[in-house]
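Those sequence lines, one after another, are chains A and B.
Heads up: the first sequence begins at 1 in the UniProt record's numbering, then just goes up one per residue.
Heads up: the second sequence begins at 1 in the UniProt record's numbering, then just goes up one per residue.
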Amino acid sequence: MAKTNAGIIEQEEVFLGEPLDRKARLRKTCRKALTQWQFYLMLLLPLIYVIVFSYIPMGGIVMAFKDYSVSKGIWGSDWVGFKHFIQFLSSPSSLDVIWNTLALGVYSLIAGFPIPILLAIALNEVGNQKFKKVVQMVTYAPYFISTVVMVGLIMQVTDMRTGIINNILQLFGQDPINFLGDPDLFPSLYVWSGIWQTAGYSAIIYLAALAGVSKELQEAAIVDGASRLKRIWHIDLPAIRPQIIILLIFNVGSIMSIGFEKVYLMQNSMNMSKSEVIATFVYKIGLVNADYSFSTAVGLFNSVVGFILLISVNWLAKKFSDTSIW
Amino acid sequence: MKTSNKLIKESKADKAFIIGNYIILAFVLVIVLYPIIYVVSASFSSPQAVIGGEVWLFPVEPTLMGYEAVFKNNQILVGFKNSFIYMICGTFINLIMTMLCAYPLSRKELVGRNVITGIFVFTMYFSGGLVPTYMLIQKLGLLNTRWAMIIPAAMSVWNMIIARTYLQNTIPDTLYEAAEIDGCSPIGFFCKVVMPLSKPILAVLVLYYGVAHWNTYFSAMIYLNNQDLFPLQLILRNILIMNNIDPTMMQDVEAMLQKQGLVDLLKYSVIVVASVPVLCIYPFVQKYFVKGVMIGALKG
Numbered sequence: 001m002a003k004t005n006a007g008i009i010e011q012e013e014v015f016l017g018e019p020l021d022r023k024a025r026l027r028k029t030c031r032k033a034l035t036q037w038q039f040y041l042m043l044l045l046p047l048i049y050v051i052v053f054s055y056i057p058m059g060g061i062v063m064a065f066k067d068y069s070v071s072k073g074i075w076g077s078d079w080v081g082f083k084h085f086i087q088f089l090s091s092p093s094s095l096d097v098i099w100n101t102l103a104l105g106v107y108s109l110i111a112g113f114p115i116p117i118l119l120a121i122a123l124n125e126v127g128n129q130k131f132k133k134v135v136q137m138v139t140y141a142p143y144f145i146s147t148v149v150m151v152g153l154i155m156q157v158t159d160m161r162t163g164i165i166n167n168i169l170q171l172f173g174q175d176p177i178n179f180l181g182d183p184d185l186f187p188s189l190y191v192w193s194g195i196w197q198t199a200g201y202s203a204i205i206y207l208a209a210l211a212g213v214s215k216e217l218q219e220a221a222i223v224d225g226a227s228r229l230k231r232i233w234h235i236d237l238p239a240i241r242p243q244i245i246i247l248l249i250f251n252v253g254s255i256m257s258i259g260f261e262k263v264y265l266m267q268n269s270m271n272m273s274k275s276e277v278i279a280t281f282v283y284k285i286g287l288v289n290a291d292y293s294f295s296t297a298v299g300l301f302n303s304v305v306g307f308i309l310l311i312s313v314n315w316l317a318k319k320f321s322d323t324s325i326w
Numbered sequence: 001m002k003t004s005n006k007l008i009k010e011s012k013a014d015k016a017f018i019i020g021n022y023i024i025l026a027f028v029l030v031i032v033l034y035p036i037i038y039v040v041s042a043s044f045s046s047p048q049a050v051i052g053g054e055v056w057l058f059p060v061e062p063t064l065m066g067y068e069a070v071f072k073n074n075q076i077l078v079g080f081k082n083s084f085i086y087m088i089c090g091t092f093i094n095l096i097m098t099m100l101c102a103y104p105l106s107r108k109e110l111v112g113r114n115v116i117t118g119i120f121v122f123t124m125y126f127s128g129g130l131v132p133t134y135m136l137i138q139k140l141g142l143l144n145t146r147w148a149m150i151i152p153a154a155m156s157v158w159n160m161i162i163a164r165t166y167l168q169n170t171i172p173d174t175l176y177e178a179a180e181i182d183g184c185s186p187i188g189f190f191c192k193v194v195m196p197l198s199k200p201i202l203a204v205l206v207l208y209y210g211v212a213h214w215n216t217y218f219s220a221m222i223y224l225n226n227q228d229l230f231p232l233q234l235i236l237r238n239i240l241i242m243n244n245i246d247p248t249m250m251q252d253v254e255a256m257l258q259k260q261g262l263v264d265l266l267k268y269s270v271i272v273v274a275s276v277p278v279l280c281i282y283p284f285v286q287k288y289f290v291k292g293v294m295i296g297a298l299k300g
């Protein structure tokens, strides 16, 4: 009897006093949090780290709306509103920079996105395990080559006099090509060297998902007389669909964030018309010319556009499929 | 049952598909492998052979001249030393920070877990940008110190999320409850149970952080001015990309430097020497490397 009474009273409390209940719950949570002080102690250092090195620089973004001068400091400098953004978007040379960034990003996406999927499917169809292991091992390896060495490698193999690619071209009676000196060849050189370096690594995720495809499904399809191509189309591809969508979201979201490191190293005065992208532009105005405000504004423009892209692609993915990153 | 499947013969189309598949993969293998073999072979060839375009697959007139030049170059040796310092200290700090952060966030009962995770994850998608970060490093007095290579990269949120996902999936709640009943504090549990159970994820983290420290040049380029602090990658940039080889650094072979061939040879040798430390450990850690990618894929 006592037990049931207590139960009824508790229920009544829930119905009657909602604000009281919320307060009580808050107090209970606080008490629980206090007992977890050791967890918060552990989190202290990492939290200080992100606050100092990620959030404090975000405060520096106000510079984009000011005319920063060293003597007045960030907060004392004069507000100028959107002046730097207008200046950036109205100059023809910056439009070239935006266009180059987009062109490289879209080219990387279109050429670079399907290849790891095809590679994973091809590897998955290989019956000879030794051959499969060798191909995997070799195709992952270039991922570990540093950007500097990678660009050095590109320069050596495409060298006009001694590079192996031009030697091969000459073998077939072609004239040597100055790959790094031709602005029109720059996007292809950038994108395909990137594919050479990362396709194997990017295939790992798909390979892992393909390894999880149910054997029974495959066997049933074999019994039904489905050809290999049909099995790939109807069984393998649907199995890796979530991975494809998630990576597509990330890849589209990063179209605008073409990395600084490789482009900067591949740049020279001859290919500059196609190789200047937002990241390298931001570096040159900001740290070379010391125009802090303008550089911050261009950088902010880039991250905001990139962030909007990511959110919209994620929204589209959520709408048309059941997979999204958040 | 298993044999019965094999009894069903592959159709002609399937046979063609299999053969085509092998041919394509063999082609991929050659395309990836050939430049690597070529560079290694060129680095062992004579300068004349390199400049004359005689190297195709195997070293021509084998010599160690290129490597001699590399190891007589003071800059490269200093770069090696610095890179090792940055890699070892940096990775050590990375591991401590990452685990300290990943473990509490892996506990479902942590009050405010989602908010705190959000604070970390947001920084993956949005940052202050180049100039504000540079000004911060300047204000903190880290410019032109070794710390500039270590502290700003003390933790990667992406790697932390991988570690958190691993801990969530491998350490059962019952283990934690049992330890709590035995009077073990969260920090004690972390040191005595979590760390020993995390060896696979620690290997993944060492690999990712270690390679990142070894390969980076950007932060060194913007934060460091003093040549004595330069990591190897920055020295390599000077040699490979900007063609700045300090002739006084190569006393013995100075006369030969006049020959462009030796410069080219030096470049090939330097590419090999700089990649060897990473590529040497690669076969041993490949297992962990693949594991890391897969844990990361679980939680996009």
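A virtual CB, placed ideally from N, CA and C, is assigned to each residue, including glycine.
query                                                                                                                                 : result
Expected contact under 8 Å - CB spacing of residue 398 of chain A and Y140 of chain A to nearest Å                                    : An answer regarding residue 398 of chain A cannot be provided, because it is not within the stretch 1 to 326 covered by chain A.
Secondary structure of K28 of chain A, DSSP reduced to three states                                                                   : helix
Min CB distance T174 of chain B to chain A below 7 Å                                                                                  : no
Contact set between the segment 180-194 of chain B and chain A, restricted to residues whose Cβ is under 8 Å from the partner         : S185, P186, I187 and F190
Cβ-based burial, G253 of chain A [other Cβ within 10 Å; buried from 16]                                                               : buried
Cβ contact check for the segment 173-191 of chain B and the segment 45-54 of chain B: 3 or more pairs under 8 Å                       : no
Assigned exposure category for V223 of chain A - 16 Cβ within 10 Å defines buried                                                     : exposed
Minimum Cβ-Cβ distance from P92 of chain A to chain B less than 7 Å                                                                   : no
Own chain partners of A103 of chain A with C-beta closer than 7 Å, once the 5 adjacent residues on each side are dropped              : P187
Cβ pair V60 of chain B, S45 of chain B closer than 7 Å                                                                                : yes
Status (buried if at least 16 other CB within 10 Å, exposed otherwise) for E125 of chain A                                            : buried
Closer than 7 Å to chain B by CB, K319 of chain A                                                                                     : no
Boundaries (first-last residue) of the alpha helix (DSSP H) holding R228 of chain A                                                   : R228 to R231
The segment 39-54 of chain A touching the segment 279-292 of chain A, judged by at least three CB pairs closer than 8 Å               : no
Beta-carbon contacts of M249 of chain B that lie in its chain and below 8 Å, excluding the five residues immediately before and after : Reliability of the predicted coordinates at M249 of chain B is poor, the pLDDT of 49 falling under 50, and no value is obtained from them.
Rounded separation between G81 of chain A and Q87 of chain A - CA only                                                                : 11 Å
Close-in-space but distant-in-sequence residues of the same chain around V121 of chain B (CB under 8 Å, 5 per side omitted)           : V157 and I161
Alpha-carbon to alpha-carbon, A49 of chain B and A203 of chain B                                                                      : 42 Å
At least 3 beta-carbon pairs within less than 8 Å: the segment 98-118 of chain A vs the segment 158-166 of chain A                    : no
Burial state of A211 of chain A, where buried means 16 or more other Cβ atoms lie within 10 Å                                         : exposed
Residues bridged to residue 361 of chain A (per DSSP)                                                                                 : This structure leaves residue 361 of chain A out entirely; chain A is present only between 1 and 326.
Cross-chain neighbours of D264 of chain B in chain A, by beta carbon under 7 Å                                                        : T162
For V148 of chain A and M242 of chain B, the rounded distance between their alpha carbons                                             : 11 Å
Under the three-state DSSP convention, the category P176 of chain A falls into                                                        : coil
Residues near residue 318 of chain B in its chain [Cβ-Cβ closer than 7 Å; skip 5 each side]                                           : Any answer about residue 318 of chain B is impossible in this case: the structure gives chain B only from 1 up to 300.
Given F260 of chain A as reference, the closest of A:S303, A:P114 and A:A279 once Cα atoms are compared                               : A:A279
F113 of chain A at chain B interface by Cβ criterion, 7 Å                                                                             : no
Own chain partners of M58 of chain A with C-beta closer than 6 Å, once the 5 adjacent residues on each side are dropped               : none
Continuous alpha helix (DSSP H) stretch holding R113 of chain B: start and end                                                        : R113 to Y125
Chain A contact for G292 of chain B (CB, 7 Å cutoff)                                                                                  : no
Local conformation of G306 of chain A per DSSP, three classes                                                                         : helix
I205 of chain A at chain B interface by Cβ criterion, 7 Å                                                                             : yes
C-alpha distance - Q267 of chain A paired with S275 of chain A, whole-angstrom precision                                              : 6 Å
Distance, P104 of chain B Cα to Y40 of chain A Cα                                                                                     : 8 Å
As assigned by DSSP and simplified to three states, the class of A290 of chain A                                                      : coil
Bounding residues of the alpha helix (DSSP H) (the contiguous stretch that carries V223 of chain A)                                   : K215 to V223
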